[in-house]
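Undergrad:
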Amino acid sequence: MDIIMSHTEDFMDQIKCHHISMKTLATTGKVREAIDNFFHVMKELKEEFPSNMAPMTIFSSLSATKNKLEKYSSEGILSIPRMLDKGKQWAMTFMDTMLPYIYIVCPQFIPLIATRMVSLSLQYGLVKESANGLQAYSYSILCLLQDIDGGCRWLRTTRLILERFKALEMYPKLRFFQCSFLTCWKEPFQSVTNDLLQCHQQAIIVGDVEYAVFSSHIQCQFMILSGSHLAAAEKQCVVLSKEMIRLNQVQILLEHCSLHNMILQLAGGDENPFDLPEVPFNDENEVIKESESSGNITIEYPTLYTNRVMRAFFFRNYDDAKEMTKKYAALVGNESLRYQTIFYIFYEGLLAFRLARSEVDRENWLSIGQKAINTYQTWVKHSEWNF
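Taking the numbering used here, the leading residue of the sequence shown gets 5, the next gets one more, and so forth.
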């Protein structure tokens, strides 16, 4: 890449090399380096992001975009002309490529990237990546404003955008985001689990190995929530670990090993899923310790902390469960909806009622448990089957 880029000083002539380099870094686990490259490229494309990530900045951006979209129906969005500006097209491509990695490492940027993609689409025209930008905005509305209905408003529109551009190769990616972050609040978990399996199969068919792996990993998580047999879930985890390594898609291998470890222990197995040549750690304790001390390991903390809370509750390791709930609350807070929130709130509530029977601060734990019940009651209207 360096040799190719050395033959021109024009940044737009180098842009494709930058994109390939960034994506290679991300898929091989060098996510932070890929993100640094991403922000550098966006600055060169005159789409720089603010360094101030105060909540007011985020909510102001979401509010402004929401006001813009209120003027459009689904048909109005679809009637927007195609984007012609090459620089803006590449900006949309880079943002679309990095969305899942931004979500893992610095999720606070997701709303700003999403609103930027929507704004560029409304101002300069649509591209196929506009579908994922609108979907990322929908996720941000759901996650930060806890507006589940608003988050699901544009589901059909995003699919129609891809149909307009005949971008069927992007459909597995779109469906992955819909299943993992949006429809799981509306549709039965069993249905979402099956949809993620189909998403994995479709991604393999179109050659999107990145989202094939992502889909299968989330499917394994929803297998636990939907009551699948542990043996089936464990078998799926084994298959996915091998597939990640075979396809050189190891960016979420550590999180997957953590999930696999929980399933193995619940099933009574004694294998160590971290015992892989590609994993330089013996267990998730080493992963968390190294990541928290050095910051060099890229992991999705909410997933690891949620897995730990669940496992600690089942095995009555209440001290570890309390520690993980504190870390989760400090990281994610109580005002953010992620798909992990569904798991976390349920097991935090069970843990709270159990600790209320033995801990000194009984009233505090009872309050946490009651809050979990109240939270699930507010979700019932969206899906009686799930909540």
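By construction, the Cβ of each residue, glycine as well, lies at the ideal position given by its N, Cα and C atoms.
1) Use the C-beta contact count for residue 18: other C-beta atoms within 10 angstroms, 16 or more gives buried, fewer gives exposed.
2) Is residue 133 buried or exposed, if buried means 16 or more other CB atoms sit within 10 Å of its CB?
3) Apart from the five residues just before and just after residue 312, which ones in its own chain have a Cβ nearer than 6 Å to its Cβ?
4) Within its chain, find whatever has a CB closer than 6 Å to the CB of residue 57; leave out the 5 residues flanking it on each side and keep chain order.
5) Please classify residue 342: does DSSP put it in a helix, a strand, or coil?
6) Using a 10 Å radius around the Cβ and a threshold of 16 neighbouring Cβ atoms, would you call residue 233 buried or exposed?
7) Taking only the alpha-carbon atoms, compute the straight-line gap between residue 147 and residue 157 and give it to the nearest angstrom.
8) Report back the beta-carbon spacing between residue 224 and residue 203 to the nearest angstrom; my notes put them in contact at under 8 Å.
9) Using a Cβ-Cβ cutoff of less than 6 Å, which residues in the same chain neighbour residue 287 once the five nearest sequence positions on both sides are dropped?
10) Within 8 Å, do at least three Cβ pairs link the stretch 128-144 to the stretch 157-169?
11) On the three-state DSSP scale, how would you describe residue 361?
12) Taking buried to mean at least 16 other C-beta atoms within 10 Å of its own C-beta, is residue 252 buried or exposed?
13) Spatial neighbours of residue 115 within its chain, please: C-beta separation below 7 Å, excluding the five flanking residues on both sides.
14) Going by C-alpha distance, which of 172, 173, 195, 295 is nearest residue 183?
15) Hey, out of 177, 246, 324, 319, whose CA is closest to residue 212's CA?
16) I need the straight-line Cα distance from residue 93 to residue 44, nearest angstrom please.
TA: Considering the structure as presented:
1) buried
2) buried
3) 328
4) 112
5) coil
6) exposed
7) 14 Å
8) Not confirmed; about 13 Å, so no contact.
9) 278
10) yes
11) coil
12) exposed
13) 62, 65, 66, 144, 148
14) 195
15) 177
16) 17 Å
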